[in-house]
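**Q**
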Amino acid sequence: MKIQHVTVIGAGQMGSGIAQVAAEAGCQVNLYDLQEGFLEKGVGRIEKNLARQVEKGRLDEKEKLSILDRIHKFASLEKAVEETDIVIEAVVENMGVKTELFRQLDEACPSRTILASNTSSLPITEIAASTNRPEKVIGMHFMNPVPVMKLVEVIRGLATSDEVYHTVESLAKELGKTPVEVKDFPGFISNRVLMPMINEAIYAVYEGVAEPEAIDQVMKLGMNHPMGPLTLADFIGLDTCLYIMETLHEGFGDSKYRPCPLLRKYVKAGWTGRKAGRGFYIYES
Ligand code: NAI
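Take the sequence shown: its position 148, counted from the start at 1, is 148 in UniProt numbering, and no numbers get skipped.
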């Protein structure tokens, strides 16, 4: 099956990026979020990104407008998915929210529709079990910022069919990405390796070993990382980092994945990073 029509659920930092790259690749894209304001913000982010591409001479104004014309905002979930070949879900990293959404999607979508999740860490097999089409449920894990980052981890649930896997692999390539196949284990590969490093950096702040700036400097200058772990955590969102650590901790039952209490405290305070204007650093709006 060739994917021509994509529905993205959740117009936050990831959902808006996925909608942008799908529209750039020529797909018709429906975008749905819980509130009109979130949809407006998501499309505003896409407009800003595309305007920057025009300024840099990588895109002309006409192309920009036709990309934006391919993105359609929806306030009704049922209407958004009526004609779609694939749904890519990018809502909050919470199993309860995702399983309830997949149950609704299973009821509302045509039987051919593939249901993909952009989850960073949650088991695809468990998400799939909330539907009557587990063979059509798959993980499609984009990296942030989506328009820039090349990788898509493609995660097979226990029941995901080969046909669905190959369709999604081809779609990732059409979106200009490099798909990498990964089995369904908590955190997959990317976050199983990345998040414990970020969590350890937060423990170092918690224990007073060094200031955030110093920790980031060490990892940038010493390890050649383009961004320090605490800057990256703010960029990802500290709420998302906490959800991922909780998934690793619960999924493996190993105390080495225990989320740092300071991470919990920041999330409770609403200091969720760049998107909130404050995390380990303070950001001007
Ligand atoms: P975000 O907080 O920027 O956006 C989430 C959006 O989903 C919000 O606009 C919210 O209103 C909407 N939403 C929540 N529940 C909904 C529902 N039931 N129906 C429709 N919309 C709903 O979060 P972000 O960063 O875009 O993350 C989304 C997903 O992508 C999460 O699963 C996260 O783990 C994953 N992810 C995040 C990455 C990151 O660097 N932030 C990287 C890769 C994956």
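Note that CB positions come from ideal geometry on N, CA and C, so glycine has one too.
1) Please list the terminal residues of the continuous beta strand (DSSP E) segment that includes ILE86.
2) Got a sec? Which residues, its chain only, sit under 8 Å from ASP106 by beta carbon, not counting five neighbours each side?
3) Given MET1, which residues of its chain have a CB within under 6 Å of its CB, disregarding the five upstream and five downstream residues?
4) Please return the same chain residues whose Cβ sits closer than 8 Å to the Cβ of ASN144, not counting the five positions on each side in sequence.
5) Using three-state DSSP, classify LYS2 as helix, strand or coil.
6) According to DSSP, is GLN35 part of a helix, a strand, or is it coil?
7) Mapping DSSP to helix, strand and coil, what is ILE189?
8) Can you tell me where the beta strand (DSSP E) with LEU122 in it begins and where it stops?
9) Put GLY273 into one of helix, strand or coil per three-state DSSP.
10) Ordered along the chain, which non-local residues of its own chain (more than five positions away) have a Cβ less than 6 Å from that of SER171?
11) Given a cut-off of 7 Å, decide if GLU93 and TYR266 are closer than it, judged by their beta-carbon atoms.
12) Whose C-alpha, out of GLU163, GLU174, GLU135, ASP162, is nearest the C-alpha of ILE152?
13) Between the C-alpha atoms of LEU158 and ALA210, what's the straight-line distance to the nearest angstrom?
14) Is it the case that the CB of ALA90 approaches a heavy atom of ligand 1 more closely than 6 Å?
15) Please report how far the alpha carbon of MET223 lies from the alpha carbon of ALA108, in whole angstroms.
16) What would DSSP say about LYS177, mapped onto helix, strand or coil?
17) Tell me, please, which residues DSSP counts as bridged to SER117.
18) Hey, would you say GLY37 sits closer than 7 Å to ALA11, going by beta carbons?
19) Measure the C-alpha to C-alpha separation of THR125 and THR7 and round it to an integer number of angstroms.
20) Measuring CB to CB, does VAL91 end up less than 7 Å from ILE9?
21) Determine whether the beta carbon atoms of ILE215 and ALA201 lie at a separation below 7 Å.
22) What would DSSP say about VAL148, mapped onto helix, strand or coil?
**A** On the basis of the data shown:
1) 86-89
2) LEU115, SER130, THR131, ASN132, ARG133
3) THR167
4) GLN13, MET14, GLY17, PHE235, ILE236
5) coil
6) coil
7) coil
8) LEU122 -> no beta strand (DSSP E), and no H or E assigned at all.
9) strand
10) Rather than Ser, the amino acid found at residue 171 in this sequence is Leu. Excluding residues within five positions, the ones whose Cβ falls inside 6 Å are ILE3.
11) no
12) The residue you asked about is not Ile; residue 152 is Val in the sequence shown. Among GLU163, GLU174, GLU135, ASP162, the Cα nearest to that of VAL152 belongs to GLU174.
13) 43 Å
14) yes
15) 48 Å
16) coil
17) GLU89, GLY139
18) no
19) 21 Å
20) yes
21) yes
22) coil
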